[in-house]
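Residue numbers (the numbering used here): 123 to 404.
The beta-carbon is built from N, C-alpha and C at its ideal position, and this holds for glycine as well.
This one's a predicted model, so the numbers in the text were calculated from it and none came from an experiment.
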């Protein structure tokens, strides 16, 4: 008997555009890329270049103005340039949408956490796409995620009482509790010191290796972007400047062109190190 086919966790975007209401230019301007199943693509670029907007489109939080998007084998746009509400879909299409809700998890940069909610309760919300009524397995997955991220001691504390770095880990735990096949990370290390940033990214690497997770992460730290991404996509003014291997994309000249920054690139086996260079006084 043939072994069952591996799940298709790939992501494909073709000509994706997003223009917000009232804007005079695209926030995302015709972006095309593919991420193979189990791959890690890092989105890099200056503030306002479209990284977070693109992640929210992939998470089906925002609708694209144009283009096609395929997640795990499902066309989420349907050629119409707009996402549809569940009420407007056929029963079969609505089931596919709910399946996608289980397949794709977003770790937002600024999560919305209900007032007074405790850590275990918030992480457990990640099980919502799987559940009619919660079962023992759902609580087990929640507790496992708390343990993996060293949050068990905080389980009964209100999320609002935690530090920024601790809240960041809680948000990641909620995303992992969903048991997604595609994980979208919006600045996952923004509130973390360098040691905890390495811990979180190495944890994601481990989950990816064990479960074949596909990861797309928006990141500001170009060194971490190059060390943890199989490929880097550099965005500028909403457009995709280039995409490729970290050593190919993260060059001093390209970073100067896109960021207006003076840097030195140190080449290491685990990826380029991007070091800012102090400018001479003019």
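- Between the alpha carbons of residue 142 and residue 275 lies a distance of about 42 Å.
- Residue pairing for residue 193: DSSP places it in a beta bridge opposite 133 and 196.
- Residue 290 counts as buried, since at least 16 other C-beta atoms from the protein chains shown sit within 10 angstroms of its C-beta.
- By the criterion of at least three beta-carbon pairs nearer than 8 Å, the stretch 222 to 237 is in contact with the stretch 301 to 319.
- Within the stretch 236 to 297, complete alpha helix (DSSP H) segments of at least 4 residues are found at 241 to 246 and 258 to 270, given in chain order.
- For residue 164, the uninterrupted beta strand (DSSP E) run begins and ends at 162 to 166, by DSSP.
- Listed in chain order, the non-local C-beta contacts of residue 172 below 7 Å within the same chain comprise 149, 150, 357 and 360, local neighbours out to five positions each way being set aside.
- Residue 301 carries a coil assignment under DSSP once its states are collapsed to helix, strand and coil.
- Just measuring C-alpha positions, the residue of 310, 183 and 176 sitting nearest residue 231 is 310.
- Its Cα nearest to that of residue 315, the residue 285 stands out among 334, 301 and 285.
- In this structure, 372 is the residue among 372, 376 and 385 with its C-alpha nearest to the C-alpha of residue 394.
- Non-local beta-carbon contacts of residue 319 in its own chain, meaning distances under 7 Å to residues more than five positions away in sequence, involve 311 and 346 in chain order.
- A Cβ-Cβ contact shorter than 8 Å links residue 161 with residue 336.
- Inclusion of residue 156 and residue 134 in the CB contact set at 8 Å is warranted, their separation being smaller than that value.
- The beta-carbon distance between residue 353 and residue 365, rounded to whole angstroms, is 6 Å. This is short enough to meet the 8 Å contact definition.
- Shown here, residue 178 sits in a helix according to DSSP, grouped into three states.
- Separation of residue 237 and residue 273 (C-alpha to C-alpha, rounded to the nearest whole angstrom) is 19 Å.
- In the DSSP annotation of this structure, the continuous segment of the beta strand (DSSP E) that includes residue 353 starts and ends at 353 to 358.
- Leaving aside the five residues that flank residue 187 on each side, the residues in its chain whose CB is nearer than 8 Å to its CB run, in chain order, 139, 140, 141, 148 and 203.
- In the structure shown, residue 398 adopts extended strand secondary structure according to DSSP, grouped into three states.
- The three-state reading of DSSP puts residue 348 in helix, counting H, G and I together.
- CA-to-CA, the gap between residue 152 and residue 338 works out to about 18 Å.
- For residue 331, the closest alpha carbon among the candidates 350, 313 and 184 is that of 350.
- Contact between residue 242 and residue 271 does not hold, since their C-beta atoms are separated by about 12 Å, which reaches or exceeds 8 Å.
- When C-alpha distances from residue 266 are compared across 249, 399 and 184, the shortest belongs to 249.
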